[in-house]
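Student: Starting off with a structure, shown below.
Numbering (this note's numbering), first residue to last: -13 to 230.
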């Protein structure tokens, strides 16, 4: 099975992954991926970035088994760029399209990362329930709570970081508001204090779900409705007032 994943909830990113459905996690192969460091240039870099993943997009694209796009939460402009690109490619190539919450990518990365002692992996990074958080701007974070096995328990939410209490917190949102979180009894992992969701980790999360379910259709993936969590700042202007 071969999938294209796209996520623009924070940075612009995309990846092509292939795997054997009979043993999805062990057989997973990352064929190509890209991710920017910039969180504000999605529209300019996404199309060239996706194109760079394929030697011949017109023939390789239609041969995909699915396209999976991160549905956020994230800012309006960036999130729309990725979802629009995924919808366009799925329609053009005739490929099934699915969505997956972008915070799941961070949760998967936490789950896959061990804690080291003297160079040896000694325990999982998250040993109990944990929260992942990303920058929502306006002095707020997007966040969700997961089990130690990276299963979604609550969220997503948007709000001030000081609403999160007494839990391990991972992600760039944790790094931005480490002082507030620590004051609330949270543990902020310094190694994950700058980590953003990417299409590669979104793909790893999707592959785990697909492998466990035995098929794409049974994996519980979402549609591509974006999780903005806020109303848009852009408003339709009202009627002009008549001059007296």
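Note that CB positions come from ideal geometry on N, CA and C, so glycine has one too.
No experiment lies behind these values; they were computed from the predicted model shown.
Is residue 102 buried or exposed, if buried means 16 or more other CB atoms sit within 10 Å of its CB?
Tutor: So residue 102 counts as exposed.
Student: Here's the rule: buried if 16 or more other CB atoms are within 10 angstroms of the residue's CB, otherwise exposed. What is residue 34?
Tutor: Exposed, because fewer than 16 other Cβ atoms sit within 10 Å of the Cβ of residue 34.
Student: Might you give, ordered along the chain, the residues of its own chain that have their beta carbon closer than 6 Å to the beta carbon of residue 15, omitting 5 neighbours on each side?
Tutor: Once the five neighbours on either side are set aside, the close Cβ partners of residue 15 are 4.
Student: Whole angstroms is fine: what's the gap from residue 69's alpha carbon to residue -4's?
Tutor: Rounded to whole angstroms, residue 69 to residue -4 spans 13 Å at the Cα level.
Student: For residue 118, list the residues DSSP reports as bridge partners.
Tutor: Answer is 130 and 156, bridged to residue 118.
Student: In angstroms with no decimal places, state the Cα-to-Cα distance between residue 126 and residue 45.
Tutor: Approximately 43 Å, taken between the alpha carbons.
Student: Could you have a look at residue 82 and say whether DSSP puts it in helix, strand or coil?
Tutor: Coil at residue 82, not helix or strand.
Student: What span of residues does the alpha helix (DSSP H) with residue 4 cover, start to end?
Tutor: Unbroken run through residue 4 is the beta strand (DSSP E), -1 to 4; no alpha helix (DSSP H).
Student: Straight-line CA distance for residue 220 to residue 62?
Tutor: Bear in mind that the predicted position of residue 220 carries a pLDDT of just 46, short of 50, making it unreliable; the figure below should be weighed with that in mind. Near 10 Å, if we compare the C-alpha coordinates of residue 62 and residue 220.
Student: Is residue 185 closer than 8 Å to residue 19 when the C-beta atoms are compared?
Tutor: Against a cut-off of 8 Å, the Cβ pair of residue 185 and residue 19 comes out as a contact.
Student: Report buried or exposed for residue 174, applying the criterion of at least 16 other Cβ atoms within 10 angstroms of its Cβ.
Tutor: The residue is buried, with at least 16 neighbouring Cβ atoms inside 10 Å.
Student: Verify whether the separation of the beta carbon atoms of residue 48 and residue 2 is less than 8 Å.
Tutor: Not closer than 8 Å, so no.
Student: Report the residue from 37, 42, 52 and 43 whose alpha carbon sits nearest the alpha carbon of residue 193.
Tutor: The shortest Cα separation from residue 193 among 37, 42, 52 and 43 belongs to 52.
Student: Buried or exposed: residue 9, going by 16 or more other Cβ atoms within 10 Å of its Cβ?
Tutor: Under this definition residue 9 is an exposed residue.
Student: So what does DSSP say about residue 41, is it helix, strand or coil?
Tutor: Looking at residue 41 - three-state DSSP - the assignment turns out to be coil, as it is neither helix nor strand.
Student: Can you pull the DSSP bridge partners for residue 69?
Tutor: DSSP lists no partner for residue 69.
Student: The ligand COA heavy atoms versus the CB of residue 35: any closer than 7 Å?
Tutor: The ligand content of the structure shown is nil, which means the ligand COA is not present either.
Student: Are the beta-carbon atoms belonging to residue 138 and residue -9 less than 8 Å from one another?
Tutor: No; because the gap between Cβ atoms is not below 8 Å, this pair is not in contact.
Student: Report the residue from 144, 57, 24 and 6 whose alpha carbon sits nearest the alpha carbon of residue 124.
Tutor: Here the closest residue by C-alpha is 144.
Student: If I measure Cβ to Cβ from residue 72 and keep anything under 7 Å in the same chain, skipping five residues before and after, which residues do I get?
Tutor: Same-chain partners within the cutoff: -8, 53, 55, 83 and 210.
Student: Determine the direct distance from the alpha carbon of residue 152 to that of residue 129, and round the result to whole angstroms.
Tutor: Whole-angstrom Cα-Cα distance: 14 Å.
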